[in-house]
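Enquirer: Encoded as structure tokens, here's the structure I'll be asking about.
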Amino acid sequence: MKPNYPSRLPIAHLPTPLEKLERLTRHLGGPDIYIKRDDQTGLAGGGNKTRKLEFLVADALKHGCDHLITTGAAQSNHCRQTAAAAAKYGLGCSLVLCGQMPDTVTGNLLLNHLLGAHLYWTGERDRSQVIPEVVAEVETMGRKPYLIPLGGSNVWGATGYVLAMEELATQLSRANVNIDFVIVGSSSGGTQAGMVLGARVVGFHGRIIGISIDHPAEELQMHVAALATATATHLGLGTTAVADLVDVNDDYLGGGYAVVGEAEREAIRMVAQLEGILLDPVYTGRAMAGLIDLIRWGAFTRGQSVLFWHTGGTAALPAFADKLL
Ligand SMILES: *Cc1c(COP(=O)(O)O)cnc(C)c1O
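With the working numbering applied, the sequence shown corresponds to residues 6 to 330, in that order.
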């Protein structure tokens with residue numbers, strides 16, 4: 006299968022490193038653990054949205070748009086990376102952030118200010134009410150807006166992770182490493198959707214397990230499968246069967262979105278102190294807590310290999326200082 010990729014901007018620092026976590030592997034005494042460093046993709050702190058934005062911003066420029074609009078939580082990594090991409094290409098950027106403006110400007114929110122984004126707070130309202138108002142305002146300024154959905158999770162965004170699987174396959178074959186399982190935090194679904202389609206494209210046979218960050222498994226599974234199928238069509242791959250490749254685990258939802266609990270704290274400290282690698286409080290801390298728990302319960306055997314896909318998010322750490330100490 007050869008995808009017909011749309012045009013893409015070379016934004017990300019690629020390929021991101023593939024590393025073995027020797028000390029974490031020994032500490033947990035289970036499968037061999039590898040990590041894919043998409044926390045090192047660039048755009049003012051890195052993260053998985055950079056690969057998505059390579060295709061999204063290319064599409065914006067193709068349509069002559071000069072202003073990016075997107076939405077997310079107050080500490081959204083996606084919003085910060087979008088603001089950085091806009092700056093890099095000389096585009097305006099408006100961010101619709103959920104809830105009230107917090108008292109302390111830190112983490113990704115601080116970076117959004119430094120990157121020159123215009124910020125709108127939804128307050129009590131739903132973001133779907135606020136976004137059209139911001140679109141209209143940008144148009145009144147005489148600019149042409151390009152709307153990027155939550156998490157950049159549409160067929161353009163997911164395409165970034167189809168390509169990422171090609172990158173991984175090349176790295177694995179050069180390093181002569183076989184991967185049995187991939188663990189990735191999954192929320193708006195674009196990353197996992199791209200990965201499962203990419204796995205089909207490159208003939209990757211490891212099982213990709215999305216650790217749900219904030220949705221019931223069935224709901225996220227259906228969403229990811231639908232997006233992967235739509236992305237297959239978008240890339241000219243026809244009716245590629247991908248739904249059966251979508252595996253979602255919702256055992257680690259904890260106290261809800263962005264609620265840091267003991268499991269996330271333990272995972273963040275463990276990986277920091279054994280490997281010198283920072284995870285984030287909302288996504289990768291939770292996904293790693295899931296991996297640690299699965300290893301402890303014997304979900305994998307010794308001799309098997311697990312790849313933890315680091316999707317970034319460390320820019321949010323300072324905003325959660327009081328929950329992490
Ligand atoms: C957005 C994000 C995710 C989830 O990716 P989706 O494509 O939305 O499922 C995971 N980790 C981090 C750090 C993120 O910012």
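Ideal Cβ positions, reconstructed from N, Cα and C, are used throughout, including at glycine.
Which residue wins for smallest C-alpha separation from residue 191, given the options 290, 302 and 72?
Expert: Along the sequence shown, read from residue 1 onward, the residue named residue 191 stands at position 186. The option with the nearest alpha carbon to residue 191 is 290.
Enquirer: Closer than 6 Å: is that where the CB of residue 290 sits relative to any heavy atom of ligand 1?
Expert: Within the sequence shown, the letter at position 285 stands for residue 290. It does not: the Cβ of residue 290 is nowhere closer than 6 Å to a heavy atom of ligand 1.
Enquirer: If you draw a straight line from the alpha carbon of residue 157 to that of residue 282, how long is it in whole angstroms?
Expert: Position 152 of the sequence shown holds residue 157. Position 277 of the sequence shown holds residue 282. Cα to Cα, residue 157 sits roughly 25 Å from residue 282.
Enquirer: What first and last residue would you give for the alpha helix (DSSP H) that runs through residue 84?
Expert: In the sequence shown, counting from the first residue as 1, residue 84 sits at position 79. From DSSP, the alpha helix (DSSP H) with residue 84 extends over 82-93.
Enquirer: Name the residue from 57, 197 and 179 whose alpha carbon lies nearest to the alpha carbon of residue 250.
Expert: Position 245 of the sequence shown, counting from 1, holds the residue named residue 250. It is 197.
Enquirer: Determine the burial state of residue 134: buried for a count of at least 16 other Cβ atoms within 10 Å of its Cβ, exposed for fewer.
Expert: If you number the sequence shown from 1, residue 134 lands on position 129. It counts as exposed.
Enquirer: State the DSSP-derived secondary structure class of residue 178, mapped to helix, strand or coil.
Expert: Mapped onto the sequence shown, residue 178 falls at position 173. In the structure shown, residue 178 sits in a helix (DSSP, three-state: H, G or I).
Enquirer: What are the boundary residues of the beta strand (DSSP E) that residue 214 is part of?
Expert: The residue given as residue 214 occupies position 209 in the sequence shown. 212-217 is the span of the beta strand (DSSP E), which, as asked, contains residue 214.
Enquirer: At a threshold of 6 Å, does residue 83 count as lining ligand 1 (C-beta to nearest heavy atom)?
Expert: The count along the sequence shown starts at 1 and reaches residue 83 at position 78. Flag set: Cβ of residue 83 near ligand 1.
Enquirer: Decide if residue 82 is buried, meaning its Cβ has at least 16 other Cβ atoms within 10 Å, or exposed.
Expert: As a first step, residue 82 is located in the sequence shown; it is residue number 77 there, counting from the start. So residue 82 ends up on the buried side.
Enquirer: With 16 as the cutoff for other CB atoms within 10 Å, does residue 181 come out buried or exposed?
Expert: Locating residue 181 in the sequence shown gives position 176, counting from the first residue. So residue 181 counts as exposed.
Enquirer: Take residue 254 as the anchor and find which of 292, 131 and 10 has the nearest alpha-carbon.
Expert: Position 249 of the sequence shown, counting from 1, holds the residue named residue 254. Minimum Cα distance to residue 254 is reached at 292.
Enquirer: Looking at C-alpha atoms only, which residue of 97, 125, 167 and 187 is the closest neighbour of residue 146?
Expert: Locating residue 146 in the sequence shown gives position 141, counting from the first residue. Measuring from the Cα of residue 146, the nearest candidate turns out to be 97.
Enquirer: So residue 112 packs on residue 322, CB below 8 Å; how close in whole Å?
Expert: On the sequence shown, residue 112 is found 107 positions in, with the first residue counted as 1. On the sequence shown, residue 322 is found 317 positions in, with the first residue counted as 1. Rounded, the Cβ-Cβ distance is 7 Å, consistent with contact.
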